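Remarks on the structure that follows.
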Amino acid sequence: MLSYNFYLITTGIIMKAFVMKKINETGIVDKEIPAGGSYEALIKTTTTLICTSDTHTVHGAIGERTNLTMGNEAVGTVYKIGDKVKNFKVGDRIVVGAITPDWGSVAAQMGHPSQSNGALGGWKYANIKNSSLADYFHVNDADANMAKIPDSVKDEEAVYAADMMSTGFMAAENAEIPLGGTTAVFDDRPVGLMAVAGSKMLGAASIILVETGPKRIELGKQFGADEIVDFRKVDTVDKIMELTSGKGVESSIEALGAEVTFQNAVKVTMPGGTI
Ligand SMILES: [Zn+2]
Numbered sequence: 469m470l471s472y473n474f475y476l477i478t479t480g481i482i483m484k485a486f487v488m489k490k491i492n493e494t495g496i497v498d499k500e501i502p503a504g505g506s507y508e509a510l511i512k513t514t515t516t517l518i519c520t521s522d523t524h525t526v527h528g529a530i531g532e533r534t535n536l537t538m539g540n541e542a543v544g545t546v547y548k549i550g551d552k553v554k555n556f557k558v559g560d561r562i563v564v565g566a567i568t569p570d571w572g573s574v575a576a577q578m579g580h581p582s583q584s585n586g587a588l589g590g591w592k593y594a595n596i597k598n599s600s601l602a603d604y605f606h607v608n609d610a611d612a613n614m615a616k617i618p619d620s621v622k623d624e625e626a627v628y629a630a631d632m633m634s635t636g637f638m639a640a641e642n643a644e645i646p647l648g649g650t651t652a653v654f655d656d657r658p659v660g661l662m663a664v665a666g667s668k669m670l671g672a673a674s675i676i677l678v679e680t681g682p683k684r685i686e687l688g689k690q691f692g693a694d695e696i697v698d699f700r701k702v703d704t705v706d707k708i709m710e711l712t713s714g715k716g717v718e719s720s721i722e723a724l725g726a727e728v729t730f731q732n733a734v735k736v737t738m739p740g741g742t743i
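In the working numbering, the protein residues as written are 469 to 743.
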């Protein structure tokens, strides 16, 4: 059977893990606690979330997996630490990113850590490696892939930084919002809402959020959306063009992953803008 313990080392001690047994079948199984190398860490899980990626994966989006431990957003305490890890010690409260690149790889050194050691190679958890819906989980390149949690931040708050917040913020960074620029955000779920917050912090003068849920509209405004385009009530493209006096937006953030939102992002972004 395939092993998703990344370095194929285990301690022989048994823990519980929530796994994808195969496509469309999950369950809780006994697994050995992984061990770690000099630059790695072993974390005792305290708080973890289920990601939409987990549900897609269980339904077969990335192909068959056998007894793969799910999850990719986690907070925990350092249980064991490699002898070459400089910035952490046993007992530290830490958050781990959903993407855990190999920072020494050529792609990471060139500024593309998500693609370390191959296309999407930074995405290991619940893809090619056992993840955090278990009593313990393993972190590669621990100094770079973990962050200490300040005492004033609770576990259940910090866990949102692992994926939703960081993904939304990075989308805003990648959108290259110019000073005073207008940004359109397609998606009113957590990543889209965090892209709104990120756009605001990066100085967008006007943020248009394409969304429909009343609660999420409220949250979107709270995070900095200036205009709401409810795609169930109006034509999204027409409305955004009207709001921008026919010019379109400088930056579009597509955070949903649907064909129609990609097409709309292309249609409302002005020439030379960033999608
Ligand atoms: Zn996630």
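Backbone N, C-alpha and C fix where the C-beta goes; we use that ideal spot for every residue, glycine too.
Predicted model only: the values in this text are computed from it and were never measured.
{"Asked": "Check: residue 541 C-beta below 7 Å from any heavy atom of ligand 1", "Found": "yes"}
{"Asked": "Straight-line gap, residue 655 to residue 540 (C-alpha atoms, nearest Å)", "Found": "21 Å"}
{"Asked": "Which of helix, strand or coil DSSP assigns to residue 630", "Found": "coil"}
{"Asked": "Start-to-end residues for the alpha helix (DSSP H) that takes in residue 707", "Found": "704-711"}
{"Asked": "Residue(s) in a DSSP beta bridge with residue 544", "Found": "513 and 562"}
{"Asked": "Alpha-carbon spacing of residue 566 relative to residue 524, whole angstroms", "Found": "15 Å"}
{"Asked": "Buried or exposed by the 16-neighbour rule on C-beta atoms within 10 Å, applied to residue 506", "Found": "exposed"}
{"Asked": "Option in 560, 501 and 582 with minimal Cα separation from residue 537", "Found": "501"}
{"Asked": "Classification of residue 750 by the beta-carbon crowding that lies within 10 angstroms, buried from 16 upward", "Found": "An answer regarding residue 750 cannot be provided, because it is not within the stretch 469 to 743 covered by the chain."}
{"Asked": "Residue environment, residue 562, which counts as buried when at least 16 other CB atoms sit within 10 Å", "Found": "buried"}
{"Asked": "Closest Cα partner of residue 684 within the set 694, 692, 657 and 710", "Found": "657"}
{"Asked": "Host beta strand (DSSP E) of residue 730 (start-end)", "Found": "Here residue 730 belongs to no beta strand (DSSP E); instead the alpha helix (DSSP H) covers 727-736."}
{"Asked": "Start-to-end residues for the beta strand (DSSP E) that takes in residue 493", "Found": "493-502"}
{"Asked": "Among 509, 597 and 666, nearest to residue 547 - alpha-carbon criterion", "Found": "509"}
{"Asked": "Euclidean distance between Cα positions of residue 743 and residue 481", "Found": "48 Å"}
{"Asked": "Alpha carbon of residue 470 to alpha carbon of residue 721, nearest angstrom", "Found": "A caution first: residue 470 carries a pLDDT of 49, below 50, which makes its placement in the model too unreliable to give a value."}
{"Asked": "Contact under 8 Å by Cβ, residue 718 with residue 646", "Found": "yes"}
{"Asked": "Residues that residue 691 bridges to, as DSSP identifies them", "Found": "Answer is none; residue 691 lacks a bridge partner."}
{"Asked": "Cβ contact (3+ pairs, closer than 8 Å) linking the region 627-637 and the region 579-594", "Found": "no"}
{"Asked": "Among 484, 589, 564 and 557, nearest to residue 572 - alpha-carbon criterion", "Found": "589"}
{"Asked": "Delimiting residues of the alpha helix (DSSP H) encompassing residue 524", "Found": "520-526"}
{"Asked": "Rounded C-alpha distance that separates residue 666 from residue 695", "Found": "16 Å"}
{"Asked": "Simplified DSSP assignment, three categories, for residue 574", "Found": "helix"}
{"Asked": "Proximity below 8 Å, CB of residue 542 to CB of residue 634", "Found": "no"}
{"Asked": "Member of 569, 564, 531 and 677 whose CA lies at the smallest distance from the CA of residue 632", "Found": "564"}
{"Asked": "Check: residue 634 C-beta below 7 Å from any heavy atom of ligand 1", "Found": "no"}
{"Asked": "Expected contact under 8 Å - CB spacing of residue 662 and residue 636 to nearest Å", "Found": "2 Å"}
{"Asked": "Residue 655 CB to nearest heavy atom of ligand 1 below 7 Å", "Found": "no"}
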